[in-house]
Amino acid sequence: MRRPGAGRVGLGDWLLPAYAIIALVFLLIPIVYTFVFSFNDSIKSNISWRGFTLDKWLNVCNVEGGAVCEAFGNSIVIGVVATVVATTLGTMIAIALVRYRFRARSATSLLLFLPMATPEVVLGAGLAAQFLAVGVPKDMTTIILAHTMFCISFVVVTVKARVASLDPALEEAGRDLYGSPAQVFWRITFPLLMPGILAAALLSFALSFDDFIITNFNSGSVSTFPKYIYISASRGIPAEANVIASAVFLFAIVLVIAAQVSRAARAKRLAKLR
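Be aware that the sequence shown starts at 5, since it is given in the working numbering, and climbs by one per residue.
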């Protein structure tokens, strides 16, 4: 028996796919614009198309005495250092909050959520005022401290969910086999936490590399890539900045594809073992 109206196409059957396609195109327009104009043969401003060239990709550090590459390098250094520190401290805090009972445990969890809920302009202004009151000069160190502060919250939330999902029986089995606490942690607990730790580290690096508001309050004369883009926008962002942005995007795509291929290959190997 055929259901009445089974062959009809309703409004919802095409409205949702159409909306998804429009949203995807809307999100990709700035990325496509950035990639295309990285090949623009521009002089000062990179707003109008002047012609195709590969010179911007081959000589990306030649603009303004290498200022764009210096800013990009600063962002990489700040992101890596802040990520390592925040991931290390955040992982220890997450384990302590899940596995141990201590005073002010609930208050600690609440305080860790405050940087995530507080607007960045408030965090940036507050940190800038604190550094000024203490007499700390604003440089790359203050940027790293600021980025570490707000990245810890995201690390704790991410790793905490992973710690809560671990089966305590696995660690008990390691202790039953006469493993020391250090051996149980490094051979059982840490490998099981690694996916959550890696996810938290990638998230921290992305947040640090992309941050502008907090960085602008606490950077002083140090230039980062987002800060360089903002300052250059008044006089025209050079095509070399588009080159670096496009390279970062392509590198992220390659990482995602490599992770998916590796995951599929691992799943295939496990299926053969079964």
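Beta carbons: idealized from backbone N, C-alpha and C, even for Gly.
Please read all numbers here as calculations on a predicted model, not as lab measurements.
In the structure shown, residue 44 adopts extended strand secondary structure according to DSSP, grouped into three states. Distance from the CA atom of residue 60 to the CA atom of residue 238, rounded to whole angstroms, is 20 Å. Secondary structure at residue 255: helix, using DSSP grouped into helix, strand and coil.
Between the segment 214 to 224 and the segment 18 to 27 there are fewer than three inter-stretch CB-CB distances shorter than 8 Å, so the stretches are not counted as touching. With a contact defined as Cβ atoms closer than 8 Å, residue 117 and residue 157 qualify at about 7 Å.
Secondary structure of residue 56 (DSSP, three-state): strand. Cα atoms of residue 196 and residue 108: separation of roughly 28 Å, rounded to the nearest angstrom. Contact check for residue 229 and residue 76: beta-carbon distance about 5 Å, within the 8 Å limit, so the pair qualifies. The C-beta of residue 176 has fewer than 16 other C-beta atoms within 10 Å across all chains shown, which makes the residue exposed. Under the three-state reduction of DSSP, residue 65 is assigned to coil, being neither helix nor strand. Where residue 231 is concerned, the enclosing alpha helix (DSSP H) starts and stops at 229 to 236. For residue 243, the CB contacts under 7 Å within the same chain, skipping 5 residues up- and downstream, are 41, 42, 44, 46, 50 and 60 in chain order.
Between residue 71 and residue 208, the CB-CB gap reaches or exceeds 8 Å.
Proximity to residue 98 across 114, 84 and 232 peaks at 114, based on C-alpha coordinates. Residue 164: member of the alpha helix (DSSP H) spanning 144 to 168, first to last residue.
Going by C-alpha positions, residue 240 is about 19 Å away from residue 33.
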